[in-house]
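**Q** Pasting a structure below so you can have a look.
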Amino acid sequence: MKKILYIFYHELTDILHDLGIMIFIFFVPLVYPLLYSWVYTNEIVREVPAVVVDESGTARSREFISKVDATPDVRIVARCRSMEEAKQWVMAHEAYGIYKIPRNFALDIWQHKQTTVGCYCDMSSMLYYKGLYLAATDVSLDMNRDIKIERLGSMTERDKEITQMPVEYEHVKLYNPSSGFASFLIPPVLMLILQQTLLLGIGMQMGRTRERWNGFIIPFKRQYKNPIYIVIGKAMVYLGIYLVMGIYAFTCVNRWFSLPVLGDYLTFLAFLVPYLLACIFFAMTLSAFIYRREDCILIFVFLSVPLLFLSGLSWPSSAMPSFWKVVSSVFPSTYGMNGYVRITTMGCSLSDIRTEYLALWLQVAVYLTTASLMYRSHILKMVEKTTR
Amino acid sequence: MILAPIVCIVFFTSLMSKGLPTDMPAAVADEDDTPITRKLVRVLDVMEMADVSKKYHTFGEAHKAMRQGEIYAFFYIPKGTTAEAISSRQPKVSFYTNDAYLVPGNLLMKDMKMTGELIPLALTREKLRAVGLPEKEMMAWLQPIQIEAHPIGNPTLDYNVYLSNMVVPGIFILLILLTTVYTIGSEWKNKTQKTWYAMADLSVAIALGAKLLPQTLLYIMQWWLMDYWFFIHHGFPCQCGIGTMMLIGVLTVLASQGFGVLLFGIQAGMMRVAMCICSLWGILSFSLAGFTYPVTDMHPILQGLSVWFPLRHYYLIYVNQALDGFSIRYVLPSVCWLIAFCASPLLVHYRYRTAFLKYEYLP
Chain A
1 MKKILYIFYH ELTDILHDLG IMIFIFFVPL VYPLLYSWVY TNEIVREVPA VVVDESGTAR
61 SREFISKVDA TPDVRIVARC RSMEEAKQWV MAHEAYGIYK IPRNFALDIW QHKQTTVGCY
121 CDMSSMLYYK GLYLAATDVS LDMNRDIKIE RLGSMTERDK EITQMPVEYE HVKLYNPSSG
181 FASFLIPPVL MLILQQTLLL GIGMQMGRTR ERWNGFIIPF KRQYKNPIYI VIGKAMVYLG
241 IYLVMGIYAF TCVNRWFSLP VLGDYLTFLA FLVPYLLACI FFAMTLSAFI YRREDCILIF
301 VFLSVPLLFL SGLSWPSSAM PSFWKVVSSV FPSTYGMNGY VRITTMGCSL SDIRTEYLAL
361 WLQVAVYLTT ASLMYRSHIL KMVEKTTR
Chain B
1001 MILAPIVCIV FFTSLMSKGL PTDMPAAVAD EDDTPITRKL VRVLDVMEMA DVSKKYHTFG
1061 EAHKAMRQGE IYAFFYIPKG TTAEAISSRQ PKVSFYTNDA YLVPGNLLMK DMKMTGELIP
1121 LALTREKLRA VGLPEKEMMA WLQPIQIEAH PIGNPTLDYN VYLSNMVVPG IFILLILLTT
1181 VYTIGSEWKN KTQKTWYAMA DLSVAIALGA KLLPQTLLYI MQWWLMDYWF FIHHGFPCQC
1241 GIGTMMLIGV LTVLASQGFG VLLFGIQAGM MRVAMCICSL WGILSFSLAG FTYPVTDMHP
1301 ILQGLSVWFP LRHYYLIYVN QALDGFSIRY VLPSVCWLIA FCASPLLVHY RYRTAFLKYE
1361 YLP
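Listed in order, the protein sequences are those of chains A and B. Residues 1 to 388, numbered by the numbering used here, are exactly what the first sequence covers, in order. Residues 1001 to 1363, numbered by the numbering used here, are exactly what the second sequence covers, in order.
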């Protein structure tokens, strides 16, 4: 016990003396969530600029245009005479979409024919497309209903309502009612930041030790003999710091940027501990491959983006090739991000996320073993070298 | 350095090889359970996006399945729907999507919205038939105005085209920034900067140029490989022809290297801080490039900041050239920015000279 405490104290002071490690384990987890939330704080795209080519020029077509303009998603910035003119707007990125209303728009409706409005979208961002297309669809559905009633003629008010909508339907967006971008992206990113900074911090510390002790991964101290003690002592340092970071993300960041929080505080803590432990032991195992302090930046930083995609949060895991699913199960972040989103955003209990929770504990066990084995084999090598 | 970009190229294209995710697990919570609702369930299953394979008998069961992550969405048909519909009492059906998972939620919403429209239409059709309307005019009755979507440049809404085309170059730029700083910084770390400087006849430009040239060539080769893989092997849309994209690639590689040299120059001698900044910068560029969430809707300060990210300019040029095939003059400012990034090391030329002569590596 005394030895563990000694290692704990020694590792802690070691970290506090290295500015590079401090940046990654204090500055990044504290500031990056804020930066990210700030970027996405508007949540949704409103008033996408679009232009109209109104070849019909009738009351009906003007009704369509003003209704589209009235939706929160789209803003009509200009009415153009031809497609060529409209294209100029899109090329200059002053508009992101073109609505083309055909010449016989009103005529077709009067003659009981189907008419088609073209919706040309710039595909540089899916959110533009979504806004432009949904606004037009909603308006067309709305107008269709009115047109139907006009045609059916004499009816009572209630009859009209029912003809408009024989069966009412509603769409309920659970857990993220405005389909906001921040509410979707920030929660998993918070967890990913924890894992990535742990990888970087522990990796850098390993590099630091190697540089200071001639390539050996532990200091020449008599307390550093038992690999289990080393692993536990080191883990305690990081666990202590990162519990604070995790709680900070859960309470402060979520509240400041009013991200959805349905989760129970204790459930979150019960989940955070295995996640952090899995990350710490995972990082220790990987740190065996780090020889210089700066190496880990090169190796770990770019991994963040693929890991986000591997988690199945942005790209649905049902559409993922099975090979990549297997790869994703290696990283604690896959389960950490999914579990965290379920707990905070969806308000799940631990029994709802049993799979993720058990997987994390399994990773804790596996990576604890590998980390200890790594230290053990290294100590044996050290002994061999020094006695020779 | 060689492996990582190639793994990334293959990773992203194979991960999203389906293009648009289809058959995502969804369910029906059918509390009514009559022949009509069962027919509806069959209609739901033909939706492109959803695989409505699961069926629950209560709302609670379906909700639990969603919380456990088995399904992304479900349709809820409350008890008595059929009876109310037949007696014209306007029943209500609902669909629930899990928008904590944005992409599946959004895609399923589109499908379900259509189906939600179709249910009442199916009932209206019965009525219209009774009125004696010919089948041909039926659609004009049901849907007088139709919206036809024309996604310019990416007609199949292929997510592979949309995301891989940006994420992979983003990772390239991140790696270029990091390796540039790493290789320059290593000289200070190994205390060989003076010999290196002497070798270049005391010229900063020769020293840096010669040092980075092999990397430039390597990254350009990899960038071209990426272009080949995307535009020829996978057939991603490329209106301007692959040659132009390759040229843009060369410009972007040089710009990123220039930017890396600039960042290290500002931090002269502090390799670790420079690398930290590079990684923060590189990761942030995925957000500030604006391909996920448009820059135009961000805070004005962030809009101003976004021009300092090479990926942002690459994105604008790529959209203009490959996706839309417009004239380059519309993105001339971005081209100028990239060229400016290439030339930016000139700003810190004098700092390198002092760094060579005076600074030591700070641990």
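Even for Gly, the Cβ is constructed at its ideal location relative to N, Cα and C.
Distance check for TYR120(A) and PRO1151(B), CA to CA, integer angstroms please.
**A** Going from the Cα of PRO1151(B) to the Cα of TYR120(A) covers about 6 angstroms.
**Q** If we cut at 8 angstroms on Cβ distances, does ASP1045(B) have a partner in chain A?
**A** Not closer than 8 angstroms to any Cβ of chain A, the Cβ of ASP1045(B) fails to qualify, so no.
**Q** Taking DSSP as the reference, what is the three-state secondary structure of GLN1146(B)?
**A** Reduced to three states, the DSSP call for GLN1146(B) is strand.
**Q** How long is the line joining the alpha carbons of SER61(A) and VAL139(A), rounded to whole angstroms?
**A** Rounded to the nearest angstrom, the two C-alpha atoms are 12 angstroms apart.
**Q** Return the bridge partner residues of LEU174(A) from the DSSP annotation.
**A** In the DSSP output, where bridge partners are listed per residue, LEU174(A) has ASN1098(B).
**Q** Taking Cβ positions only, does ARG1067(B) come closer than 8 angstroms to chain A?
**A** So, interface residue.
**Q** Under a CB-based cut-off of 8 angstroms, is ARG342(A) close to chain B?
**A** Yes, contact with chain B.
**Q** Unbroken beta strand (DSSP E) runs of length 3 or more, entirely within the segment 69-115 of chain A: which are they?
**A** The segment 69-115 of chain A contains these whole beta strand (DSSP E) runs: 74-80, 97-101.
**Q** Within the segment 1201-1236 of chain B, note down every full alpha helix (DSSP H) run reaching 4 residues or more, in order along the chain.
**A** Entirely contained in the segment 1201-1236 of chain B, the alpha helix (DSSP H) runs reaching 4 residues are, in chain order, 1204-1227.
**Q** For TYR128(A), which of PHE184(A), TYR175(A), CYS279(A), HIS93(A) has the nearest alpha-carbon?
**A** Minimum Cα distance to TYR128(A) is reached at HIS93(A).
**Q** Please list the partners that TYR120(A) has in chain B, where partner means a Cβ-to-Cβ separation under 7 angstroms.
**A** Per Cβ cutoff of 7 angstroms: HIS1150, ILE1152.
**Q** Alpha carbon to alpha carbon, how far is GLN1193(B) from GLU1187(B)? Give it in angstroms, no decimals.
**A** For GLU1187(B) and GLN1193(B), the distance between alpha carbons rounds to 5 angstroms.
**Q** Can you list the residues of chain A that LEU1338(B) reaches, using a CB-CB cut of under 7 angstroms?
**A** None at all; the shortest Cβ gap to chain A is about 17 angstroms.
**Q** Take ALA1289(B) as the anchor and find which of PRO1005(B), LEU1302(B), CYS1278(B), SER1279(B) has the nearest alpha-carbon.
**A** The residue with the shortest Cα to Cα distance from ALA1289(B) is LEU1302(B).
**Q** Measure the alpha-carbon distance for ALA288(A) versus ASP1111(B) and round it to whole angstroms.
**A** Whole-angstrom Cα-Cα distance: 49 angstroms.
**Q** By DSSP's criteria, ALA1029(B) is part of a beta bridge. Which residues make up the other side?
**A** Note: ALA1029(B) sits in a beta bridge opposite TYR1056(B), TYR1076(B).
**Q** Please name the residue in LYS1113(B), ALA1083(B), GLY1304(B) whose C-alpha comes closest to that of ILE1036(B).
**A** Out of LYS1113(B), ALA1083(B), GLY1304(B), ALA1083(B) has the C-alpha closest to the C-alpha of ILE1036(B).
**Q** Which runs of the alpha helix (DSSP H) spanning at least 4 residues fall entirely within the segment 238-313 of chain A, listed in chain order?
**A** Within the segment 238-313 of chain A, the complete alpha helix (DSSP H) runs of at least 4 residues are 265-286, 295-300, 304-310.
**Q** What's the C-alpha gap between LYS100(A) and HIS112(A)?
**A** Going from the Cα of LYS100(A) to the Cα of HIS112(A) covers about 20 angstroms.
**Q** Determine the direct distance from the alpha carbon of SER258(A) to that of HIS171(A), and round the result to whole angstroms.
**A** Rounded to whole angstroms, HIS171(A) to SER258(A) spans 23 angstroms at the Cα level.
**Q** I'd like the list of long-range same chain contacts for ALA135(A), defined as Cβ closer than 6 angstroms, with 5 residues on each side in sequence excluded.
**A** VAL68, THR71, ASP73, VAL74.
**Q** Between which two residues does the alpha helix (DSSP H) carrying PRO1091(B) extend?
**A** Neither: PRO1091(B) is in no alpha helix (DSSP H) and is coded neither H nor E.
**Q** Which one or two residues does DSSP pair with ASP122(A) in a beta bridge?
**A** Looking at the DSSP assignment, ASP122(A) forms a beta bridge with ILE1152(B).
**Q** What does LYS1055(B) reach in chain A if we use C-beta pairs closer than 7 angstroms?
**A** The premise fails here: LYS1055(B) is roughly 18 angstroms from chain A at the closest Cβ pair, so nothing lies under 7 angstroms.
**Q** Taking C-beta pairs closer than 9 angstroms, name the residues in chain B that PRO306(A) reaches, listed in chain order.
**A** Neighbours of PRO306(A) on chain B, chain order: VAL1007, CYS1008, PHE1011, PHE1012, LEU1015, VAL1167, ILE1171.
**Q** What's the gap between the Cα of GLN223(A) and the Cα of VAL244(A)?
**A** In a straight line, the C-alpha of GLN223(A) is about 28 angstroms away from that of VAL244(A).
**Q** Buried or exposed for GLU356(A), going by 16 or more other Cβ atoms inside 10 Å?
**A** Buried, because 16 or more other Cβ atoms sit within 10 Å of the Cβ of GLU356(A).
**Q** As a quick exercise: from ASP1158(B), PRO1169(B), MET1109(B), pick the residue whose alpha carbon is nearest that of LEU1316(B).
**A** That would be PRO1169(B), whose Cα lies nearest to the Cα of LEU1316(B).
**Q** Starting from ASP54(A) and walking both ways along the beta strand (DSSP E), at which residues does that stretch end?
**A** Here the beta strand (DSSP E) through ASP54(A) covers 48-54.
**Q** Name, please, each residue of chain A whose Cβ falls closer than 7 angstroms to the Cβ of TYR1293(B).
**A** The contacting residues are TYR40, LEU127, PHE181.
**Q** Kindly identify the DSSP beta-bridge partner or partners of TYR1159(B).
**A** In DSSP, TYR1159(B) forms no bridge with anything.
**Q** What does the Cβ neighbour count give for ILE1232(B), buried or exposed, with the cut at 16 atoms within 10 Å?
**A** Exposed: under 16 other Cβ atoms inside 10 Å.
**Q** Can you confirm whether GLU170(A), when its beta carbon is compared against all beta carbons of chain B, has any partner nearer than 8 angstroms?
**A** Yes - at least one Cβ of chain B is within 8 angstroms of the one on GLU170(A).
**Q** Following the continuous alpha helix (DSSP H) through ASN394(A), name the residue where it begins and the one where it ends.
**A** The structure shown does not extend to residue 394(A), since chain A is modelled only from 1 through 388, so no value can be given for it.
**Q** Should MET1(A) go down as buried or exposed, given a rule of 16 or more other Cβ atoms within 10 Å for buried?
**A** Flag for MET1(A) reads exposed.
**Q** Quick check on TYR224(A): does DSSP put it in helix, strand or coil?
**A** Looking at TYR224(A) - three-state DSSP - the assignment turns out to be coil, as it is neither helix nor strand.
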